[in-house]
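Just so we're aligned: 193 in the working numbering is position 193 of the sequence shown, and the numbers increase by one with no gaps anywhere.
Where is the CB? At the ideal position from N, CA and C, for every residue including glycine.
Encoded as structure tokens, the structure appears first; notes follow it.
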Amino acid sequence: MRIMESMELLPARVRITAILKKALFSGEYKSGDELSLTDIAGKLGVSRTPVREAFQALEAEGLIELRMNKGAIVKPIDEKYITDHYEMRMLLESEAAGRAAKNGMPDADKLIEKLVDAQKRMESLSGSEYEDLNFEVHTAIWTAADNRRLYKILSSLWNGPSIGFTSPKLDHYIKSTQEHIDILTYIKENDAKHARKEMEHHIERSMDNILKNFKFR
Numbered sequence: 001m002r003i004m005e006s007m008e009l010l011p012a013r014v015r016i017t018a019i020l021k022k023a024l025f026s027g028e029y030k031s032g033d034e035l036s037l038t039d040i041a042g043k044l045g046v047s048r049t050p051v052r053e054a055f056q057a058l059e060a061e062g063l064i065e066l067r068m069n070k071g072a073i074v075k076p077i078d079e080k081y082i083t084d085h086y087e088m089r090m091l092l093e094s095e096a097a098g099r100a101a102k103n104g105m106p107d108a109d110k111l112i113e114k115l116v117d118a119q120k121r122m123e124s125l126s127g128s129e130y131e132d133l134n135f136e137v138h139t140a141i142w143t144a145a146d147n148r149r150l151y152k153i154l155s156s157l158w159n160g161p162s163i164g165f166t167s168p169k170l171d172h173y174i175k176s177t178q179e180h181i182d183i184l185t186y187i188k189e190n191d192a193k194h195a196r197k198e199m200e201h202h203i204e205r206s207m208d209n210i211l212k213n214f215k216f217r
């Protein structure tokens, strides 16, 4: 399932929050920019209500500042935001991996096969192919954890600071793909301890990569 197809299954406020996060981290919206609730609702073809709820979620994360009757102002992204975001993912996704290992994950073999195939053609792998497979692996693990609230929280964290930074793509794809294979192998073997540990390492490395390459603004 492709990323946008999966996102369509989420509530409107969650989808809009993800869309706005992507715009923030890609640099489409920069620190100090004004965000108009009415304009964004019009661009996305939705009512003002889910956009207002998305604004509230982004304010709670420290990404924007709400202004009375004036929409919102984009706040600068700092190192602490990145660190807090990834520490939260480390805690929750490592737990999801451990739960998936305990519960069992019937599609682990199929995903490992896809990842091995991707490794064989890594130099020609497109960014969209990598992102689709990356999302598929993580959401499969969240699903196998069998906790709807955990899935919802991790979905809300997904479109965070992994978007909008400069990094050597091939090196990142190679390391990340092997880490995914290792995580799924531990899950397949019902090894919750090592599944948790490998997922934590996977996300910590991503955080270090972000902190080194992200263009703070």
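Assigned secondary structure, E131 (DSSP; H/G/I helix, E/B strand, else coil)
The residue you call residue 131 lines up with position 131 of the sequence shown. Here E131 sits in helix by DSSP.
First and last residue of the uninterrupted alpha helix (DSSP H) at L111: Working through the sequence shown from its first residue, we reach residue 111 at position 111. Its alpha helix (DSSP H) spans residues A108 to K120.
Inset, instruction - Return the chain-ordered list of same chain residues with a C-beta closer than 7 Å to the C-beta of G164, the five sequence neighbours on each side being excluded. - result: Against the sequence shown, residue 164 aligns to sequence position 164. Unreliable positioning characterises G164 in this predicted model, as indicated by a pLDDT of 49, which lies under 50. A coordinate reading is not provided.
Original post:
Given 8 Å as the limit, is there contact between the region 72-89 and the region 54-62, that is, 3 or more CB pairs closer than that?
Top reply: Three or more pairs of CB atoms, one per stretch, sit closer than 8 Å, so the region 72-89 contacts the region 54-62.
Nearest residue (CA-CA) to Y130, options K175, D191 and G42
As a working mapping, residue 130 is identified with position 130 in the sequence shown. Residue K175 is the option with its Cα nearest to Y130.
Worksheet entry | Residue nearest to D117 in terms of C-alpha spacing, selected from H138, L157, T177 and R52 | Taking the first residue of the sequence shown as 1, we reach residue 117 at position 117. Out of H138, L157, T177 and R52, T177 has the C-alpha closest to the C-alpha of D117.
- prompt: How big is the Cα-Cα spacing for T49 and K70?
  reply: Against the sequence shown, residue 49 aligns to sequence position 49. Against the sequence shown, residue 70 aligns to sequence position 70. In a straight line, the C-alpha of T49 is about 15 Å away from that of K70.
In angstroms, rounded to a whole number, what distance separates the CA positions of L115 and N190? If you number the sequence shown from 1, residue 115 lands on position 115. If you number the sequence shown from 1, residue 190 lands on position 190. The straight-line gap from Cα to Cα measures roughly 19 Å.
Segment contact flag, the region 79-89 with the region 119-128, C-beta cutoff 8 Å, min 3 pairs: no
Review point. Relative to the alpha-carbon of I210, which residue among S31, R99, I82 and I112 has its alpha-carbon at the smallest distance?
Key: By 1-based counting over the sequence shown, the position of residue 210 is 210. The shortest Cα separation from I210 among S31, R99, I82 and I112 belongs to I82.
>> For G98 and M207, I'd like the C-alpha separation in whole angstroms.
In response: Sequence index remark: in the sequence shown, residue 98 carries index 98 (1-based). Sequence index remark: in the sequence shown, residue 207 carries index 207 (1-based). Distance between the alpha carbons of G98 and M207: 20 Å.
Please report the straight-line C-alpha distance between A145 and A108, rounded to a whole angstrom. Walking along the sequence shown from the start, residue 145 turns up at place 145. Walking along the sequence shown from the start, residue 108 turns up at place 108. Going from the Cα of A145 to the Cα of A108 covers about 13 Å.
ask   = Using a Cβ-Cβ cut-off of 8 Å (strictly less than) and excluding sequence neighbours within five positions of A203, which residues of its own chain qualify?
value = Locating residue 203 in the sequence shown gives position 203, counting from the first residue. Per the sequence shown, the amino acid found at residue 203 is Ile instead of Ala. These residues qualify, in order along the chain: Y86, R89, M90, E93 and S94.
Distance between beta carbons of F55 and A72, contact taken as under 8 Å: Taking the first residue of the sequence shown as position 1, residue 72 is located at position 72. Taking the first residue of the sequence shown as position 1, residue 55 is located at position 55. Contact flag correct, Cβ pair sits at about 5 Å.
Worksheet item: For the alpha helix (DSSP H) that V46 lies in, which residues bound it at each end?
Response: Taking the first residue of the sequence shown as position 1, residue 46 is located at position 46. Segment: none, V46 is in no alpha helix (DSSP H) and carries neither H nor E.
Exercise for the section: Verify whether the separation of the beta carbon atoms of Y29 and L35 is less than 8 Å. Expected result: Taking the sequence shown and counting its residues from 1, one reaches residue 29 at position 29. Taking the sequence shown and counting its residues from 1, one reaches residue 35 at position 35. Inclusion of Y29 and L35 in the CB contact set at 8 Å is warranted, their separation being smaller than that value.
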